[in-house]
Amino acid sequence: MNVNRFYLFTVLLLTLSISGCTSHITITGKNLENTEKKYKNVIVMVPDGCSMSIQTLARLYKGADINLDKLLTGSVRTYSANSVITDSAAAATAFATGHKTTSGFIGVAPRAKDLLPWVTPEVPPYYPIPTILEGAKLSGRSTGVVVTSTIPHATPSGFAAHSSSRFMPDDIMEQMVHQNLDVAFGGGMVHLLPEGESFKTDDGKSWKGTRKDTENLMNTLKEMGYSIISSKDELAEVKGKKVWGLFNGTDLVPDIDRDELNPTQPSLAEMTKKAIEILTTNEKGFLMVVEGSQVDYAGHAHDPAYMVTEFLAFDEAVGVAVDFAKTNNDTIVVIFPDHDTGGLSIGNNSEMGRKYGNTTVDTLITPLKKATTTIQGLLELAYQDNTSTTEEIKGLFKDKWNLDLTEVQAEEILKFKKFPYGVADYISNNFTVIGWTTGGHSGVDVPLWVYTPYDYTPLRGNINNTDIPINLAKMMDIDLRMIGDELFVDAQSVFPDSKITEDKTGRIFETGKFKIPVNKNIVMNGDKITSTKGVSVFISEINKFFIPKEMVRVIEGKK
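The sequence shown begins at 7 in my numbering and counts up one residue at a time.
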């Protein structure tokens with residue numbers, strides 16, 4: 007393919023100019039037709055880590071059309087700035103900001119040294135970039151994230167945080183707390199608590215904090231007026247306009263395992279329904295991000311029963327969102343995976359798979375429907391029961407997967423007892439016609455599904471993931487360039503006599519009598535604390551501290 011031609015049609019053109027104290031980021035993308043329609047409410051939904059094959063498998067597993075079947079409008083290119091196979095952080099940055107970035111980066115521009123040949127960003131490396139969620143918040147809309155992973159995981163943080171490493175969940179969680187999200191539902195309670203403190207969830211488990219900065223962000227949330235809930239029952243009953251739901255210390259339990267391992271946790275559909283209920287109290291509208299996070303986990307694990315049940319749980323949440331949109335004509339629902347994971351195929355190289363011309367629905371689906379738990383969940387039960395013999399392995403697989411293992415098969419599985427991937431591959435290869443190409447991600451295009459109340463789909467055809475936020479911003483009447491001006495000022499350039507210090511809570515920008523702690527939305531002047539819109543961001547690779555323009559006005563006495 008001619009690279010220049012490919013560039014012309016797929017690469018987002020970004021123009022950066024710096025004037026005075028602001029960073030002017032001009033963003034233009036593929037201007038899709040009919041984007042002049044404005045929407046009050048935008049729901050972005052991401053079944054993390056999948057492609058068309060799981061949609062086919064889910065339909066056959068369910069035995070009927072799924073909600074997504076009526077919504078397919080096109081496909082999405084997923085490459086990152088430095089790799090034709092993206093990771094989740096770079097993918098989230100692309101569809102939250104309109105910019106390609108380096109694998110592992112969250113909400114910042116890519117490094118310059120290893121770009122793909124056709125990627126030519128004009129934003130300085132590592133500079134933070136505004137997201138459509140931040141734009142929605144500044145427009146007066148409510149915002150929320152609903153996930154089955156931890157809240158500071160790659161996809162949700164891509165909309166509400168800025169970091170040169172996705173592997174800093176405590177810092178990312180701090181930014182997300184201070185972004186003033188109206189709703190945050192998912193897991194990750196450990197990232198709110200300092201080391202040495204713990205919290206007990208409704209299932210009786212006690213979770214120890216991981217934060218090394220001694221800050222208790224759960225107390226911070228309470229001081230900010232949030233209700234904090236940790237169970238399905240509390241989700242059903244909670245009132246109010248600002249709610250954090252933390253239903254596990256880490257990721258939520260897989261959908262197929264919930265009834266047995268943690269029935270106090272809500273489903274993705276239940277969380278989505280409650281989030282909509284809360285967010286619609288704002289007459290100016292809302293932007294909500296919903297992620298079926300563990301579709302990806304199942305693809306990595308090569309666990310077909312896990313993957314198809316997670317995808318169907320996500321599809322149920324899609325039904326909730328679309329039902330709302332059907333009664334609210336100012337709502338658009340845009341759905342797409344961030345990338346494919348596992349390379350799932352219907353067909354493999356097993357003896358059953360080689361007879362593909364005679365593959366019945368029963369051959370494909372029955373082994374999956376026999377499963378009542380994930381492979382990981384099954385092995386947790388094995389550890390819990392101290393299962394260690396072939397007879398016990400056979401009993402466990404008979405009970406949970408309705409599989410009659412031979413002695414030889416039980417011996418093979420026993421070898422992998424502490425290695426779920428090995429067990430999952432063995433089951434796929436010997437008891438199903440499901441195949442896998444990788445334990446990681448793949449670089450294929452992924453499906454695009456859209457619900458709009460009108461007789462056209464504003465996002466269609468084969469588009470780039472960066473096209474999605476550019477067009478959604480236009481639909482919400484948001485100028486991302488102006489959002490960038492407002493949120494990310496190079497603080498050292500504006501205040502040249504400033505300094506960056508550090509204490510146990512992290513880095514602090516100091517100028518005169520004012521102090522701005524990193525990852526927060528506050529300016530401190532002695533005992534006086536002023537809250538602002540947007541958070542401070544420090545990027546160590548370029549030793550720059552970025553602050554919202556509102557913080558500049560506070561320091562200059564203009565607010």
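Just so it is clear, CB atoms sit at the ideal spot from N, CA and C, and this is done for glycine as well.
(1) I'd like the span of the alpha helix (DSSP H) that includes residue 487, first residue to last.
(2) Report yes if the C-beta distance between residue 218 and residue 176 is below 9 Å; otherwise report no.
(3) Would DSSP call residue 409 helix, strand or coil?
(4) Just verifying my parser: in three-state terms, what is the DSSP assignment at residue 534?
(5) So is residue 394 buried or exposed if we call it buried at 16+ other beta carbons inside 10 Å?
(6) Note down, one range per segment and in chain order, each alpha helix (DSSP H) of at least 4 residues found wholly within the segment 227–280.
(7) Could you give the residue range of the alpha helix (DSSP H) that holds residue 437?
(8) If you drop the 5 nearest sequence neighbours on each side, which residues of the same chain put their C-beta closer than 6 Å to that of residue 467?
(9) Please name the residue, chosen from 74, 484, 144, that lies closest to residue 554 on a Cα-to-Cα basis.
(10) Which residue marks the beginning of the beta strand (DSSP E) containing residue 457, and which one marks its end?
(11) Does the segment 62–79 come close enough to the segment 304–317 that 3 or more CB-CB pairs lie under 8 Å?
(12) To the nearest angstrom, report how far apart residue 471 and residue 85 are at their CA atoms.
(13) Reducing DSSP to helix, strand and coil, say where residue 205 ends up.
(14) Taking all protein chains shown into account, decide if residue 527 is buried (16 or more other Cβ within 10 angstroms of its Cβ) or exposed.
(15) Reducing DSSP to helix, strand and coil, say where residue 147 ends up.
(16) Give me the Cβ distance between residue 474 and residue 486, rounded to the nearest whole Å; I'm assuming they're in contact under 8 Å.
(17) Should residue 500 and residue 297 be called a contact, given that it needs their Cβ atoms to be closer than 9 Å?
(18) With H, G and I counted as helix, E and B as strand and the rest as coil, what does DSSP make of residue 88?
(19) May I ask which residues mark the beginning and end of the alpha helix (DSSP H) holding residue 325?
(20) Excluding five sequence neighbours on each side, which residues of the same chain lie with their C-beta closer than 8 Å to the C-beta of residue 561?
(21) Can you find the residues in the same chain that come closer than 7 Å, C-beta to C-beta, to residue 463, ignoring five residues on each side of it along the sequence?
(22) If you run the structure through DSSP and keep just helix, strand and coil, what is residue 470?
(23) How about residue 349 and residue 286: do their beta carbons lie closer than 9 Å?
(24) Measure the Cβ-Cβ separation of residue 346 and residue 249 and say whether it is below 9 Å.
(25) Could you name the residues of the same chain whose beta carbon sits closer than 7 Å to that of residue 367, not counting the 5 residues immediately before and after it, in chain order?
(26) Using DSSP with H/G/I as helix, E/B as strand and the rest coil, what is residue 196?
(27) In or out: residue 458 buried (at least 16 other Cβ within 10 Å) or exposed?
(28) Is the beta carbon of residue 113 closer than 9 Å to that of residue 126?
(29) Let me know the beta strand (DSSP E) ranges lying completely inside the segment 48–88, each 3 residues or longer, listed in chain order.
(30) Please go through the same chain and pick out, in chain order, the residues whose beta-carbon is closer than 6 Å to the beta-carbon of residue 538, but skip the five residues on each side of it.
(31) Just mark residue 544 as buried or exposed, buried being the case when its beta carbon has 16 or more other beta carbons within 10 Å.
(32) How about residue 434 and residue 300: do their beta carbons lie closer than 9 Å?
(33) Per DSSP, residue 351 forms a beta bridge with which residues?
(34) Can you say whether residue 336 is buried or exposed, counting buried as having 16 or more other CB atoms within 10 angstroms of its CB?
(35) Nearest-angstrom Cα distance between residue 534 and residue 205?
(36) If the criterion is Cβ atoms closer than 9 Å, does the pair residue 540 and residue 492 meet it?
The structure says:
(1) Along the sequence shown, one-based indexing puts residue 487 at 481. Segment 486–493, the alpha helix (DSSP H) holding residue 487.
(2) For the purposes of this step, residue 218 is identified with residue 212 of the sequence shown, where counting begins at 1. For the purposes of this step, residue 176 is identified with residue 170 of the sequence shown, where counting begins at 1. Yes, the Cβ-Cβ distance between residue 218 and residue 176 is below 9 Å.
(3) As a first step, residue 409 is located in the sequence shown; it is residue number 403 there, counting from the start. Note: residue 409 maps to coil in three-state DSSP.
(4) On the sequence shown, residue 534 is found 528 positions in, with the first residue counted as 1. It is a strand residue.
(5) Taking the first residue of the sequence shown as position 1, residue 394 is located at position 388. A residue is called buried when at least 16 other Cβ atoms come within 10 angstroms of its Cβ; residue 394 does not meet this threshold and is exposed.
(6) 238–243, 264–267
(7) As a working mapping, residue 437 is identified with position 431 in the sequence shown. Start and end: 426–437.
(8) If you number the sequence shown from 1, residue 467 lands on position 461. These residues qualify, in order along the chain: 80.
(9) Here residue 554 is taken as the residue at index 548 of the sequence shown, counted from 1. Per the Cα distances, 144.
(10) Residue 457 sits at position 451 when you count from the first residue of the sequence shown. Residues 452–457.
(11) yes
(12) Taking the sequence shown and counting its residues from 1, the one referred to as residue 471 is at position 465. Taking the sequence shown and counting its residues from 1, the one referred to as residue 85 is at position 79. Residue 85 has its alpha-carbon roughly 9 Å from the corresponding atom of residue 471.
(13) Here residue 205 refers to the residue found at position 199 of the sequence shown. DSSP, reduced to helix, strand and coil, places residue 205 within a strand of the structure shown.
(14) Looking up residue 527 in the sequence shown gives position 521. Its Cβ being crowded by 16 or more others within 10 Å, residue 527 is buried.
(15) Translated into positions along the sequence shown, residue 147 becomes position 141. In the structure shown, residue 147 sits in coil (DSSP, three-state: anything other than H, G, I, E or B).
(16) As a working note, residue 474 is residue 468 in the sequence shown. As a working note, residue 486 is residue 480 in the sequence shown. Actually they are not in contact, since the Cβ atoms of residue 474 and residue 486 sit about 13 Å apart, beyond 8 Å.
(17) As a first step, residue 500 is located in the sequence shown; it is residue number 494 there, counting from the start. As a first step, residue 297 is located in the sequence shown; it is residue number 291 there, counting from the start. Cβ atoms of residue 500 and residue 297: not closer than 9 Å.
(18) Along the sequence shown, one-based indexing puts residue 88 at 82. It is coil, neither helix nor strand.
(19) Within the sequence shown, the letter at position 319 stands for residue 325. Element bounds for residue 325: 310–332.
(20) For the purposes of this step, residue 561 is taken as the residue at position 555 of the sequence shown. Around residue 561: 501, 517, 518, 520, 529.
(21) Taking the first residue of the sequence shown as 1, we reach residue 463 at position 457. Cβ within range, chain order: 79, 456.
(22) Taking the first residue of the sequence shown as position 1, residue 470 is located at position 464. Looking at residue 470 - three-state DSSP - the assignment turns out to be strand.
(23) As a first step, residue 349 must be located in the sequence shown, where it is residue number 343. As a first step, residue 286 must be located in the sequence shown, where it is residue number 280. No, they are not a contact pair.
(24) Taking the sequence shown and counting its residues from 1, one reaches residue 346 at position 340. Taking the sequence shown and counting its residues from 1, one reaches residue 249 at position 243. No. Outside cutoff.
(25) The residue you call residue 367 lines up with position 361 of the sequence shown. Same-chain partners within the cutoff: 66.
(26) Locating residue 196 in the sequence shown gives position 190, where the first residue counts as 1. Looking at residue 196 - three-state DSSP - the assignment turns out to be helix.
(27) Taking the sequence shown and counting its residues from 1, one reaches residue 458 at position 452. Burial call: buried.
(28) Here residue 126 is taken as the residue at index 120 of the sequence shown, counted from 1. Here residue 113 is taken as the residue at index 107 of the sequence shown, counted from 1. No; because the gap between Cβ atoms is not below 9 Å, this pair is not in contact.
(29) 78–83
(30) Start at 1 with the first residue of the sequence shown, and residue 538 comes out as number 532. For residue 538, where only same-chain residues beyond five positions count, the Cβ hits under 6 Å are 527, 554, 556, 557.
(31) In the sequence shown, counting from the first residue as 1, residue 544 sits at position 538. By the 10 Å Cβ count, residue 544 comes out buried.
(32) What you label residue 434 is simply residue 428 of the sequence shown in a count that begins at 1. What you label residue 300 is simply residue 294 of the sequence shown in a count that begins at 1. Not a contact, by the Cβ cut-off of 9 Å.
(33) Within the sequence shown, residue 351 is the residue found at index 345, counting from 1. In the DSSP output, where bridge partners are listed per residue, residue 351 has 441.
(34) Along the sequence shown, read from residue 1 onward, the residue named residue 336 stands at position 330. With fewer than 16 other Cβ atoms within 10 Å, it is exposed.
(35) Stepping through the sequence shown from its first residue, residue 534 is reached at position 528. Stepping through the sequence shown from its first residue, residue 205 is reached at position 199. Rounded to the nearest angstrom, the two C-alpha atoms are 31 Å apart.
(36) Here the question's residue 540 lines up with position 534 in the sequence shown. Here the question's residue 492 lines up with position 486 in the sequence shown. Yes, the pair counts as a contact, with Cβ atoms nearer than the cut-off.
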